[in-house]
Amino acid sequence: MPDRLSQLFVRTLREDPADAEVRSHKLLVRAGYIRRAAPGIFTWLPLGLKVRRRIEKIIRDEMANAGAQEVFFPALLPKEPYELSGRWKTYGDGIFRLTDRKGADYLLAPTHEEMFTLLVKDLYSSYKDLPLTIYQIQDKYRDEARPRAGLLRGREFSMKDAYSFDIDDAGLDSSYQKQRDAYERIFQRLGIEYVIVNADNGLMGGAKSEEFLHPTPVGEDLFVRTDSYAANVEAFVTTGLAEIDASSTPAAAVHPSPNTPTIETLVDFANANWARDDRKWTAADTLKNVVLKLTHPDESTELVVVAVPGDREADLKRIEVAFAPAEVATAEAEDFKNYPELTVGYIGPWSESGQFLGEKHPAKIRYFADPRVVNGSAWITGANVHGHHAINVVAGRDFTPDGYIEAAEILAGDQAPDGSGPVEIARGMEIGHVFQLGRFFADVLGLQVLDQNGKLVTVTMGSYGIGVTRLLAILAEENNDEKGLIWPKNVAPYDVQIVAAGKDDSILDAALALAGDLESAGFDVLVDDRAVSPGVKFADAEIIGVPSIVIVGRRAGEQIAEFWNRGTGERKEVHFSEVAALI
RNA sequence: CGGGGCGUAGCUCAGCUUGGUAGAGCGCGCGCUUUGGGAGCGUGAAGUCGCAGGUUCAAAUCCUGUCGCCCCGACCA
Numbered sequence: 149m150p151d152r153l154s155q156l157f158v159r160t161l162r163e164d165p166a167d168a169e170v171r172s173h174k175l176l177v178r179a180g181y182i183r184r185a186a187p188g189i190f191t192w193l194p195l196g197l198k199v200r201r202r203i204e205k206i207i208r209d210e211m212a213n214a215g216a217q218e219v220f221f222p223a224l225l226p227k228e229p230y231e232l233s234g235r236w237k238t239y240g241d242g243i244f245r246l247t248d249r250k251g252a253d254y255l256l257a258p259t260h261e262e263m264f265t266l267l268v269k270d271l272y273s274s275y276k277d278l279p280l281t282i283y284q285i286q287d288k289y290r291d292e293a294r295p296r297a298g299l300l301r302g303r304e305f306s307m308k309d310a311y312s313f314d315i316d317d318a319g320l321d322s323s324y325q326k327q328r329d330a331y332e333r334i335f336q337r338l339g340i341e342y343v344i345v346n347a348d349n350g351l352m353g354g355a356k357s358e359e360f361l362h363p364t365p366v367g368e369d370l371f372v373r374t375d376s377y378a379a380n381v382e383a384f385v386t387t388g389l390a391e392i393d394a395s396s397t398p399a400a401a402v403h404p405s406p407n408t409p410t411i412e413t414l415v416d417f418a419n420a421n422w423a424r425d426d427r428k429w430t431a432a433d434t435l436k437n438v439v440l441k442l443t444h445p446d447e448s449t450e451l452v453v454v455a456v457p458g459d460r461e462a463d464l465k466r467i468e469v470a471f472a473p474a475e476v477a478t479a480e481a482e483d484f485k486n487y488p489e490l491t492v493g494y495i496g497p498w499s500e501s502g503q504f505l506g507e508k509h510p511a512k513i514r515y516f517a518d519p520r521v522v523n524g525s526a527w528i529t530g531a532n533v534h535g536h537h538a539i540n541v542v543a544g545r546d547f548t549p550d551g552y553i554e555a556a557e558i559l560a561g562d563q564a565p566d567g568s569g570p571v572e573i574a575r576g577m578e579i580g581h582v583f584q585l586g587r588f589f590a591d592v593l594g595l596q597v598l599d600q601n602g603k604l605v606t607v608t609m610g611s612y613g614i615g616v617t618r619l620l621a622i623l624a625e626e627n628n629d630e631k632g633l634i635w636p637k638n639v640a641p642y643d644v645q646i647v648a649a650g651k652d653d654s655i656l657d658a659a660l661a662l663a664g665d666l667e668s669a670g671f672d673v674l675v676d677d678r679a680v681s682p683g684v685k686f687a688d689a690e691i692i693g694v695p696s697i698v699i700v701g702r703r704a705g706e707q708i709a710e711f712w713n714r715g716t717g718e719r720k721e722v723h724f725s726e727v728a729a730l731i
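Sequential numbering of the first sequence, starting at 149, is according to the numbering used here.
(1) For a test of the three-state rule: what should DSSP assign to K308, helix, strand or coil?
(2) In chain order, what residues of the same chain have a beta carbon less than 7 Å from the beta carbon of Y642, not counting five sequence neighbours either side?
(3) With distance defined between alpha-carbon atoms, name the residue in G650, I243, W712 and A669 nearest to R703.
(4) Which same chain residues end up closer than 8 Å to Y377 when comparing Cβ atoms and leaving out the 5 residues on each side of it in sequence?
(5) In the DSSP assignment, find the unbroken alpha helix (DSSP H) run with N380 in it and report its ends.
(6) Can you list, in chain order, the residues of its chain with a C-beta nearer than 6 Å to that of V587? Leave out the 5 residues immediately preceding and following it.
(7) Could you check where the alpha helix (DSSP H) with Q327 kicks off and where it finishes?
(8) Once you ignore the five residues that flank R200 on each side, which residues in its own chain have a CB closer than 8 Å to its CB?
(9) Using the beta-carbon count (16 or more within 10 Å), is K174 buried or exposed?
(10) Measure how close the beta-carbons of G594 and K237 come, nearest whole angstrom, since I'm counting them as under 8 Å.
(11) Just checking my contact of A555 with R466 at CB under 8 Å: how many whole Å lie between their CB atoms?
(12) Excluding sequence positions up to five away, which residues of its chain have a Cβ less than 8 Å from the Cβ of P279?
(13) Quick one, which of R520, V453, L256 and V381 has its alpha-carbon nearest V492's?
(14) Would you mind listing the beta strand (DSSP E) stretches within the region 154-240 that are 3+ residues and don't spill past its ends, in chain order?
(15) Counting only the same chain and skipping the five closest in sequence on each side, list residues whose C-beta sits under 7 Å from that of T413.
(16) Going by CA-CA distance only, name the one from Q645, I655, E718 and K685 that's closest to L666.
(17) Do P222 and E262 count as a contact pair if the criterion is CB distance below 8 Å?
(18) Would you call the region 624-644 in contact with the region 323-338, where contact means no fewer than 3 C-beta pairs closer than 8 Å?
(19) L156: which of D688, E726, S696 and G701 sits nearest, CA to CA?
(20) Can you tell me whether A661 is helix, strand or coil according to DSSP?
(21) Near N213, which residues of its chain fall below 7 Å by C-beta distance, leaving aside the five closest residues on each side in sequence?
(22) What does DSSP give as the partner residues of T491 in its beta bridges?
(23) Mark M352 as exposed unless 16 or more other C-beta atoms lie within 10 angstroms of its C-beta, in which case mark it buried.
(24) Which residues bound the beta strand (DSSP E) around F417?
(25) For the beta strand (DSSP E) containing P457, name the first residue and the last one.
(26) By the 10 Å Cβ neighbour count, where 16 or more other Cβ atoms means buried, how is H444 classified, buried or exposed?
(27) For R373, name the three-state secondary structure that DSSP assigns.
(28) Given R202, which residues of its chain have a CB within under 6 Å of its CB, disregarding the five upstream and five downstream residues?
(29) What separation, rounded to the nearest whole angstrom, lies between the Cα atoms of E304 and F244?
(30) Do you know how far the Cα of T247 is from the Cα of M211?
(31) Can you tell me which residues form a DSSP beta bridge with Y515?
(32) Given that a residue counts as buried once 16 or more other Cβ atoms are within 10 Å of its Cβ, and exposed if not, what is A179?
(33) Tell me the residue span of the alpha helix (DSSP H) that contains K428.
(34) Where DSSP assigns a beta bridge to L278, which residues make up the other side?
(35) Which residues in the same chain as A455 place their Cβ atom closer than 6 Å to its Cβ, once the five residues preceding and following it in sequence are excluded?
(36) Among residues of its own chain, excluding the 5 on either side of V476, which ones have a beta-carbon nearer than 7 Å to its beta-carbon?
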C-alpha cells in the first residue's frame with residue numbers, strides 16, 4: 149500500500165522555527181523531517197529517516213564496492229581503551245562521560261579508532277588475514293562547546309567510519325586509495341560539490357591526510373586553492389621565500405616611539421620620525437611578536453613568542469598545528485606576571501645588548517618565527533624597553549629564532565607551494581576525511597600480526613569518515629527554493645507524491661488507483677488523501693520536496709493527471725499510463 | 001570561556017517603558033459552507049508569563065539571584 153499523507157506522522161509548519169538560523173535547519177524542521185530534542189540533538193521523524201536511509205544506502209553500496217565490510221559497535225563504551233590511547237585525557241571536555249552504578253567510567257564514543265583496533269587484535273593474528281577494511285554507520289557524540297546550524301554541527305550525529313588494516317605502507321596506500329575513490333563516487337552520486345584538500349594530520353601523526361570539503365558560505369573551514377592545488381589553511385606550507393641580502397642594511401638601533409600601541413600608529417610614527425629615502429614604511433616592515441601560552445599534555449605551561457609580519461594576523465589554528473599536541477592560547481595579563489622580561493607592547497627579539505628572545509638568550513623564552521621572516525629581512529619591532537622600538541633589526545644577523553613555524557594567516561594571492569600561482573581562499577564544510585593513521589593506535593593498543601617470516605609486526609591503519617547527517621543537511625542546504633525542499637531523486641523520501649485535488653470521491657479513488665499502479669511498478673509513493681483544500685496540499689508538497697508530484701484532479705475521469713517537476717517547476721497534463729516514464 | 005539577544009498558548013509573536021481582568025495570527029476541537037494555491041462564517045478548548053526570592057494593597061511588567069535557549073567569537077580527531 150502506498151503511504152497516505154493523512155496517516156503519515158508529520159506536521160508541516162507555516163513559520164520558521166525561532167531557534168533556526170541556516171536554511172537547511174529551518175526547512176528540515178518546517179517540513180517535518182526533524183525536531184530539536186536538546187541543543188545539537190535531534191529527533192528523526194519518518195520523512196527524515198527515509199532520506200537518511202537512502203543516503204546510507206549509497207554509502208553502503210560504495211563501501212561494498214570498495215571491499216569494506218560492515219560491523220556495528222556500541223555507542224556507549226568503557227573508558228579503558230581510551231585511556232590506553234591517551235584520548236580519555238586529550239579529548240578533554242569534548243566527550244560525554246558517564247558513570248555506571250558501580251562507579252565505573254564510560255563514555256559516549258566521539259569516534260571509534262580504539263574499538264576497531266582492539267576488535268581486529270581480538271580476532272586476527274596473521275599477515276594472511278590482511279588487508280582488511282571494516283566500517284560502521286553509528287551515532288557519534290561530541291560535547292561541542294557550541295553546537296550550531298542544526299544538523300551541520302550537532303552533538304549527536306551519524307557518521308560512517310571505516311578503518312583499514314595493512315601489513316605495510318604499500319598496503320596502506322592501496323587501502324587508502326580505495327576509500328578515497330569510494331568517497332569520490334559517493335559524493336558524485338549525491339551530487340554534492342567537493343574539493344579534496346590536504347589536511348593537518350592532527351595529534352595522531354601519520355602520513356597522508358585529505359579532507360573532502362563542500363564549498364559553502366556556511367562552512368567552518370577555510371581552504372586555499374588554485375587550479376592544481378588545494379589545502380586546508382591549517383596545512384598550507386609557505387614556500388618560495390628567498391633570503392635577502394642585508395649587507396647594506398644599517399645596524400639595528402633603538403629609538404623612542406611614544407604612543408604607538410598599534411601597528412598602524414607605529415607605521416605612521418616611523419614615517420614621521422624615521423623616514424627612509426627609498427620608500428615609505430608599511431605594516432609589512434614591522435614584526436609582530438605574539439605571546440602565546442602553551443599547555444603541554446602533562447599540564448605544564450610555557451610562554452613562547454611567535455613572530456609574524458605586521459601586515460598579517462597570527463593564525464592560531466595554524467600555530468596550534470605547529471605546537472601539537474600542546475594546546476595554544478593567547479597569553480593573558482595573569483600569565484605575564486611570571487615573565488617580567490616581557491615588556492608588553494614592546495616585545496622584540498633584539499635589544500641593545502644583542503638577541504633578547506630565544507631559549508639561549510637573556511629572556512630564556514622560546515622564540516619562533518613565521519617562514520616569512522627570512523634571513524636578511526629587516527624589521528621595526530619592539531626593543532624590550534617601554535616606549536621604544538628598534539629599527540633595522542635583521543633576521544639572521546641580529547637574531548635567530550629557535551625555529552620556524554607556520555604562524556601567519558594565509559591571504560588570497562599568496563603563492564601556492566606547488567608553484568601554480570596565487571591562491572584563492574574559500575569557506576568549506578568538512579564532509580569527509582580520509583587519512584593514514586599509521587601505527588599510532590596499533591602501537592598503543594598492541595595490534596601486531598606475524599609476517600611471512602614469523603616475526604611480529606605492527607599493523608598500519610587508515611581512518612575514513614563521512615558525516616551522514618551532515619550530508620543530509622548539506623543536501624537540504626543546496627536543494628531548495630523559496631517554497632521548500634527539492635530533493636535529488638536518489639535520496640528523496642519518496643519517488644513521487646500524488647495529490648488528489650478535488651472533493652469528489654472519484655478523484656481520490658483515481659489517485660489511489662494510480663498510486664497502486666506506480667507502486668507495483670516499483671516506485672515509492674506518497675498519496676495526499678487528506679480532506680483539505682488543494683492550496684494546502686500544493687504548499688505541503690512543495691515544502692516536503694518530493695521531486696515528482698502528480699496532481700489528480702478535474703480530468704481524473706479521463707485518466708489525465710498533471711505531472712509537476714518540483715525542481716524545474718514545469719507542469720504538464722499526461723495520461724495516467726505515461727506518468728511512470730516521467731518519474 | 002568572552003560579547004550580544006531572547007524566555008508569555010502547540011508554533012510565530014505583541015503586551016513590559018508608565019504595575020491593576022493575559023492577548024493576536026497560525027494550529028487544534030465542533031457545526032455549516034467551500035474544494036486547482038495555506039478558504040469563509042460561527043463556536044470552543046488551550047498559558048504556574050522559565051524558575052526562586054524581594055518591593056507593593058496589587059507584579060508578565062519594578063529589583064536581586066538563578067536556569068535555559070539562540071547568535072557572533074574562542075574551541076571543534
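We put the beta carbon where it would ideally sit given N, CA and C, even for glycine.
Please read all numbers here as calculations on a predicted model, not as lab measurements.
So, from the listed chains and residues:
(1) If you number the first sequence from 1, residue 308 lands on position 160. Reduced to three states, the DSSP call for K308 is strand.
(2) Locating residue 642 in the first sequence gives position 494, counting from the first residue. Leaving aside the five residues that flank Y642 on each side, the residues in its chain whose CB is nearer than 7 Å to its CB run, in chain order, D672, V673, L674 and V694.
(3) The residue given as residue 703 occupies position 555 in the first sequence. Minimum Cα distance to R703 is reached at G650.
(4) The sequence position of residue 377 within the first sequence is 229, counting from 1. Take Y377, set aside five residues on each side of it, and the residues of its chain with a beta-carbon closer than 8 Å to its own are A564, P565, D566, S568 and V571, in chain order.
(5) Along the first sequence, one-based indexing puts residue 380 at 232. Premise fails: N380 lies in the beta strand (DSSP E), A378 to N380, not in any alpha helix (DSSP H).
(6) Here residue 587 refers to the residue found at position 439 when the first sequence is read from its first residue. In the sequence as presented, Val is not what sits at residue 587; that position holds Arg. Counting only Cβ-Cβ distances below 6 Å, and skipping sequence neighbours, we find T606 and T608.
(7) Indexing the first sequence from 1 puts residue 327 at position 179. For Q327, the enclosing alpha helix (DSSP H) stretches over residues D317 to L338.
(8) Residue 200 sits at position 52 when you count from the first residue of the first sequence. For R200, where only same-chain residues beyond five positions count, the Cβ hits under 8 Å are W192, S306, V616, T617 and L620.
(9) As a working note, residue 174 is residue 26 in the first sequence. It is buried - the Cβ of K174 has at least 16 other Cβ atoms within 10 Å.
(10) Here the question's residue 594 lines up with position 446 in the first sequence. Here the question's residue 237 lines up with position 89 in the first sequence. In fact, because the Cβ distance is near 19 Å, the residues do not count as touching under 8 Å.
(11) Position 407 of the first sequence, counting from 1, holds the residue named residue 555. Position 318 of the first sequence, counting from 1, holds the residue named residue 466. Rounded, the Cβ-Cβ distance is 6 Å, consistent with contact.
(12) Here the question's residue 279 lines up with position 131 in the first sequence. Excluding sequence neighbours, P279 sits near S312, F313, D314, I315, G319, S322 and S323.
(13) Looking up residue 492 in the first sequence gives position 344. Considering only alpha carbons, the answer is V453.
(14) Segments of the beta strand (DSSP E) lying fully in the region 154-240: 182-186, 189-192 and 224-226.
(15) Against the first sequence, residue 413 aligns to sequence position 265. For T413, same chain residues with a beta-carbon under 7 Å away, outside a window of 5 residues either side, are N407 in chain order.
(16) Position 518 of the first sequence, counted from the first residue, corresponds to residue 666. Of the candidates Q645, I655, E718 and K685, the one whose C-alpha sits nearest the C-alpha of L666 is Q645.
(17) Position 114 of the first sequence holds residue 262. Position 74 of the first sequence holds residue 222. Taking the C-beta atoms as reference points, P222 is found no nearer than 8 Å to E262.
(18) By the Cβ test, the region 624-644 is in contact with the region 323-338, since at least three Cβ pairs between them sit closer than 8 Å.
(19) For the purposes of this step, residue 156 is identified with residue 8 of the first sequence, where counting begins at 1. It is D688 whose Cα lies nearest to the Cα of L156.
(20) Counting from 1 along the first sequence, the entry for residue 661 is found at position 513. Helix at A661.
(21) Position 65 of the first sequence, counted from the start, is the residue given in the question as residue 213. If we look at N213 and ignore the five residues flanking it on each side, its Cβ neighbours are A330.
(22) The residue labelled residue 491 in the question sits at position 343 within the first sequence. Partner(s): none; T491 has no beta bridge.
(23) Taking the first sequence and counting its residues from 1, the one referred to as residue 352 is at position 204. Confidence at M352 is low in this model, with a pLDDT of 47, below 50, so its placement is unreliable and no value can be given for it.
(24) What you label residue 417 is simply residue 269 of the first sequence in a count that begins at 1. Unbroken run through F417 is the alpha helix (DSSP H), I411 to N421; no beta strand (DSSP E).
(25) If you number the first sequence from 1, residue 457 lands on position 309. From DSSP, the beta strand (DSSP E) with P457 extends over T449 to P457.
(26) For the purposes of this step, residue 444 is taken as the residue at position 296 of the first sequence. Classification for H444: exposed.
(27) Along the first sequence, read from residue 1 onward, the residue named residue 373 stands at position 225. The answer is strand: DSSP assigns R373 an E or B state.
(28) On the first sequence, position 54 is the one that residue 202 refers to. When the five nearest sequence neighbours on each side are left out, the beta carbons in the same chain lying within less than 6 Å of the beta carbon of R202 are those of V639, in order along the chain.
(29) As a position in the first sequence, residue 304 is number 156, starting the count at 1. As a position in the first sequence, residue 244 is number 96, starting the count at 1. Those two C-alpha atoms are separated by around 10 Å.
(30) Locating residue 211 in the first sequence gives position 63, counting from the first residue. Locating residue 247 in the first sequence gives position 99, counting from the first residue. Looking at the backbone, the Cα of M211 and that of T247 are separated by about 35 Å.
(31) The sequence position of residue 515 within the first sequence is 367, counting from 1. Beta-bridge pairing links Y515 to V453.
(32) As a first step, residue 179 is located in the first sequence; it is residue number 31 there, counting from the start. By the Cβ neighbour-count rule, A179 is buried, with 16 or more other Cβ atoms within 10 Å of its own.
(33) In the first sequence, counting from the first residue as 1, residue 428 sits at position 280. Taken as a continuous stretch (DSSP letters only), K428 belongs to no alpha helix (DSSP H), as it is neither H nor E.
(34) Position 130 of the first sequence holds residue 278. Looking at the DSSP output, L278 shares a beta bridge with no other residue.
(35) The sequence position of residue 455 within the first sequence is 307, counting from 1. Same-chain partners within the cutoff: L435, N437, A517 and V521.
(36) On the first sequence, residue 476 is found 328 positions in, with the first residue counted as 1. Sequence-distant partners of V476 (beyond 5 residues in either direction) whose C-beta falls short of 7 Å from its own C-beta, in its chain, are L440, L442, L464, I467 and E468.
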